[in-house]
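Visitor: Before we start, here is the structure in question, set down as structure tokens.
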Amino acid sequence: MIPAEFDYVAPASLDDALKALADGGEDAKVLAGGHSLIPLMKLRMAAPSLIVDLRQLGELKAVSEDNGTIRLGALVTHHTVATGGFGLVSAAAATIADQQVRNMGTIGGTLAHGDPASDMPAVLLAYEGSVLIRGSGGEREVAAADLFEDFLTTAVGEGEILTEVRFPKLDGYGYGYEKFNRRQEDWAMVAVSALVKKGADGTAEDVRIGLTHMGSVPLRATAAEDALRGKPLNAESIAAAAELAAEGTEPPADLNASQDYKRHLARVLTRRALTTAAS
Amino acid sequence: MAGSVRVTMTVNGAQQSAEVEPRLLLVHFLRETLGLTGTHVGCDTSNCGACTVHLNGEAIKSCTLLAAQADGAEIKTIEGMGQEGALHPLQEAFWEHHGLQCGYCTPGMIMASADLLERNPKPNEEEVREALAGNLCRCTGYHNIVKAVIAASETTA
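This is the structure:
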């Protein structure tokens, strides 16, 4: 399978990349690791007229920590995230596809792509993290809750580039990541990210639950979160909260899983992820 | 539209340069432009791993990379691993432990295994299986492949 023809540039600076994108118009596409975009181009489901490859932008490969916030350049690979010791973010990144894909795929690319079956969107949502987006008009910070607009549609607009991903460190939180798929390298049928802060009295001071592939965008399981917050962290309360994990969701059914099965998975995986996060 | 781009990269230690279409995939650059047909195209959808080569020392799937993305990079393919009579320890081990039958997946298996042994010189069985999750074999099965990788890890210091 061979992509349709396109023009290609690999600018040496972010400003040049933004200019190339602007000049390229609505059919120009940004390329990071390419592991979502190139498969779509090979299938001719995407046929950009211009590819703006970010590979020369070393500043987008930086990893730093600033005042309790982890800052990851958009071109940081899944492998670097998986081995970086970033708690739930790393645990989830380590489950993305396979080693070869993790060596090329990037955190900025996967978030800008916005596939609800991919791992990072719901993780970012659970952390209440954010991304930086640069355009010709300057830079803006967009919260995870505002980033994912619809299936494969994010707040990264035409002519804009997602440049950085920010996660609060969330010291003192336990975490659990549970993903269900048929083969290790597959997309998630459903995945659940759980973050739990245990108070001094053993109750749940804070609970965050992110759901992957339970809708056209990543979701928070707010009913389950509310049910557990303030409660003692025991098997009974966790099981009761997890029962609410699929409340209000309309998961997309596919060949692998019906809606009901996905809701079942969300409940089971939430219980498991919360149990790990609380232990 | 669509002109051409010049790509220059080091492949198995030798510098290579060519004027290519931007849409040319790295695997086709290796196989058709350079004639290095040891790297295979299996599924062509980033699943099977038959096209695995090293880009700057890390295993990647060359069917999911534009040749242009590898401009300036160092590429290693199965042809760069060993020669007849002087095989790479992984190649020796695959031979010794019957880690291949039809051989189609073997170049990718070996390149992915070499990436693992570079990061983790003494992997256990589970780590080998996890590292090879992106490589599919449809005839020998995985037991002998895993045995071969473990054996190779024991022969290298």
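Read top to bottom, the protein sequences are chains P and R. For the first sequence, full-length UniProt numbering assigns the number 1 to the initial residue and increments by one for each residue that follows. For the second sequence, full-length UniProt numbering assigns the number 1 to the initial residue and increments by one for each residue that follows. Every residue, glycine too, gets a C-beta built ideally from N, C-alpha and C.
Using the Cβ count rule (16 or more neighbours within 10 Å means buried), how would you classify residue 172 of chain R?
Guide: What the structure shows of chain R is the stretch from 1 to 157, and residue 172 of chain R is not part of that stretch, so it cannot be assessed.
Visitor: From the DSSP output, in three-state form, read off R/Pro107 for me.
Guide: Working through the second sequence from its first residue, we reach residue 107 of chain R at position 107. Note: R/Pro107 maps to helix in three-state DSSP.
Visitor: My output table needs one value for R/Thr101: the three-state DSSP class, helix, strand or coil.
Guide: Numbered from its first residue, the second sequence carries residue 101 of chain R at position 101. The amino acid at residue 101 of chain R is misidentified as Thr; the sequence shows Gln. It is coil, neither helix nor strand.
Visitor: According to DSSP, is P/Arg55 helix, strand or coil?
Guide: Against the first sequence, residue 55 of chain P aligns to sequence position 55. The answer is coil: DSSP assigns P/Arg55 none of H, G, I, E or B.
Visitor: Locate the beta strand (DSSP E) running through P/Glu194, then write down its first and last residues.
Guide: For this step, residue 194 of chain P is matched to residue 194 along the first sequence. Before going further, note that residue 194 of chain P is Ala rather than Glu in the sequence given. P/Ala194 -> beta strand (DSSP E) spans 190-198.
Visitor: Could you work out which residues of chain B lie near R/Ala131, taking near to mean beta carbons separated by less than 9 Å?
Guide: Included in the structure are the protein chains P and R, with no chain B among them.
Visitor: Would DSSP call R/Leu116 helix, strand or coil?
Guide: Taking the first residue of the second sequence as 1, we reach residue 116 of chain R at position 116. R/Leu116: helix per DSSP, three-state reduction.
Visitor: Let me know the secondary structure DSSP gives P/Gly210 once reduced to three states.
Guide: Position 210 of the first sequence holds residue 210 of chain P. Residue state, collapsed to three classes: strand.
Visitor: Shorter than 7 Å from the beta carbon of P/His113 to some beta carbon of chain R?
Guide: Stepping through the first sequence from its first residue, residue 113 of chain P is reached at position 113. Answer no: the Cβ-Cβ gap between P/His113 and chain R never drops below 7 Å.
Visitor: Pairing CB atoms from the segment 60-73 of chain R with CB atoms from the segment 96-107 of chain P, are three or more of them under 8 Å?
Guide: They touch, by the three-pair rule.
Visitor: Taking the alpha carbon of P/Asn181 as the reference point, which residue from P/Asp146, P/Ala126, P/Ala257, P/Asp201 has its own alpha carbon closest?
Guide: Translated into positions along the first sequence, residue 181 of chain P becomes position 181. Comparing Cα positions, the closest option is P/Ala257.
Visitor: Using a Cβ-Cβ cut-off of less than 8 Å, give me the residues of the segment 44-61 of chain R that come near chain P, in sequence order.
Guide: So the list reads Asp44, Thr45, Ser46, Asn47, Gly49, Thr52, Leu55, Glu58, Ala59, Ile60, Lys61, given in the order they occur along the chain.
Visitor: Taking Cβ positions only, does R/Ala152 come closer than 7 Å to chain P?
Guide: Walking along the second sequence from the start, residue 152 of chain R turns up at place 152. Not one chain P Cβ lies under 7 Å of R/Ala152.
Visitor: Beta-carbon within less than 8 Å of R/Met1's beta-carbon, same chain only, minus the 5 sequence neighbours each way: which residues are those?
Guide: The count along the second sequence starts at 1 and reaches residue 1 of chain R at position 1. With a pLDDT of only 49 at R/Met1, under the threshold of 50, the placement of this residue in the model should not be trusted, and no figure is reported.
Visitor: What residues in the segment 115-132 of chain P have a beta carbon less than 9 Å from any beta carbon of chain R?
Guide: Hits within the stretch: zero.
Visitor: Output yes if chain P places a C-beta closer than 7 Å to the C-beta of R/Thr39; else output no.
Guide: Within the second sequence, residue 39 of chain R is the residue found at index 39, counting from 1. Chain P, which has no Cβ nearer than 7 Å to the Cβ of R/Thr39, makes this no.
Visitor: Please classify R/Gln83: is it buried, with 16 or more other beta-carbons within 10 angstroms of its beta-carbon, or exposed?
Guide: Residue numbering aside, residue 83 of chain R sits at position 83 when the second sequence is read from its first letter. By the 10 Å Cβ count, R/Gln83 comes out exposed.
Visitor: Does any CB atom of chain P fall closer than 7 Å to the CB of R/Ala68?
Guide: In the second sequence, residue 68 of chain R corresponds to position 68, counting from 1. Answer yes: the Cβ-Cβ gap between R/Ala68 and chain P drops below 7 Å somewhere.
Visitor: Can you tell me where the alpha helix (DSSP H) with P/Ala242 in it begins and where it stops?
Guide: As a first step, residue 242 of chain P is located in the first sequence; it is residue number 242 there, counting from the start. 235-242 is the extent of the alpha helix (DSSP H) around P/Ala242.
Visitor: My understanding is that P/Arg229 touches P/Asp206, with C-beta atoms under 8 Å, so please give their C-beta distance in whole angstroms.
Guide: To locate residue 229 of chain P, count along the first sequence from 1; it is residue 229. To locate residue 206 of chain P, count along the first sequence from 1; it is residue 206. Yes, they are in contact, since the Cβ atoms of P/Arg229 and P/Asp206 sit about 7 Å apart, within 8 Å.
Visitor: Under a three-way DSSP split, which group does R/Phe94 fall into?
Guide: For the purposes of this step, residue 94 of chain R is taken as residue 94 along the second sequence, with counting starting at 1. Helix, per DSSP.
Visitor: Express the C-alpha separation of R/Cys102 and P/Leu233 in angstroms, rounding to a whole number.
Guide: Position 233 of the first sequence, counting from 1, holds the residue named residue 233 of chain P. Position 102 of the second sequence, counting from 1, holds the residue named residue 102 of chain R. Roughly 54 Å separates the two Cα atoms.
Visitor: Which residue from P/Thr163, P/Pro121, P/Tyr173 puts its Cα closest to that of P/Leu132?
Guide: Numbered from 1 along the first sequence, position 132 holds the residue referred to as residue 132 of chain P. Closest by alpha carbon: P/Thr163.
Visitor: Report yes if the CB atom of P/Thr154 is closer than 7 Å to the CB atom of P/Ala191, and no otherwise.
Guide: Stepping through the first sequence from its first residue, residue 154 of chain P is reached at position 154. Stepping through the first sequence from its first residue, residue 191 of chain P is reached at position 191. Cβ distance not < 7 Å, so P/Thr154 and P/Ala191 don't count as in contact.
Visitor: What's the C-alpha gap between R/Thr155 and R/Asp115?
Guide: As a working note, residue 155 of chain R is residue 155 in the second sequence. As a working note, residue 115 of chain R is residue 115 in the second sequence. Near 16 Å, if we compare the C-alpha coordinates of R/Asp115 and R/Thr155.
Visitor: Is there contact here, the segment 238-250 of chain P with the segment 18-35 of chain R, by at least three beta-carbon pairs under 8 Å?
Guide: These segments do not touch.
Visitor: Just by C-beta distance, which residues in the segment 86-114 of chain R are closer than 7 Å to chain P?
Guide: Cβ contacts with chain P come from Ala112.
Visitor: Looking only at its own chain, which residues have a Cβ that is under 8 Å from the Cβ of P/Val63, when we skip the five neighbours before and after it?
Guide: For this step, residue 63 of chain P is matched to residue 63 along the first sequence. Cβ neighbours of P/Val63 beyond the five flanking positions: Ile70, Arg71, Leu72, Gly73, Val76, Thr80, Gly84.
Visitor: Is any beta-carbon of chain P found at less than 7 Å from that of R/Pro22?
Guide: Translated into the one-based positions of the second sequence, residue 22 of chain R becomes position 22. By this cut-off, R/Pro22 is an interface position.
Visitor: What whole-angstrom Cβ distance do P/Pro116 and P/Thr212 have, given they're in contact under 8 Å?
Guide: Reading the first sequence from its first residue, position 116 is the one you call residue 116 of chain P. Reading the first sequence from its first residue, position 212 is the one you call residue 212 of chain P. About 7 Å; that satisfies the 8 Å criterion.
Visitor: Give the residues from the segment 181-204 of chain P that approach chain R closer than 7 Å (Cβ to any Cβ), ordered along the chain.
Guide: The segment 181-204 of chain P vs chain R, Cβ under 7 Å: Gln184, Glu185.
Visitor: Just curious, the alpha helix (DSSP H) that R/Ser153 is in, first and last residue?
Guide: Numbered from its first residue, the second sequence carries residue 153 of chain R at position 153. Element bounds for R/Ser153: 143-155.
Visitor: Would you please verify whether the beta carbon of P/Ile209 is less than 7 Å from any beta carbon of chain R?
Guide: Residue mapping note: residue 209 of chain P aligns to position 209 of the first sequence, counting from 1. Not one chain R Cβ lies under 7 Å of P/Ile209.
Visitor: Taking only runs of the beta strand (DSSP E) that begin and end inside the segment 85-155 of chain P, which ones reach a length of at least 3 residues, in chain order?
Guide: Here the runs fully enclosed are 130-135, 138-143, 148-150.
Visitor: Grab me the residues of P/Glu158's own chain with a C-beta within less than 6 Å of its C-beta, minus the 5 sequence neighbours each way, in chain order.
Guide: Translated into the one-based positions of the first sequence, residue 158 of chain P becomes position 158. The residues are Glu26.
Visitor: Using the C-alpha atoms, what's the distance from P/Lys61 back to R/Gln16?
Guide: As a first step, residue 16 of chain R is located in the second sequence; it is residue number 16 there, counting from the start. As a first step, residue 61 of chain P is located in the first sequence; it is residue number 61 there, counting from the start. Approximately 27 Å between the Cα atoms of the pair.
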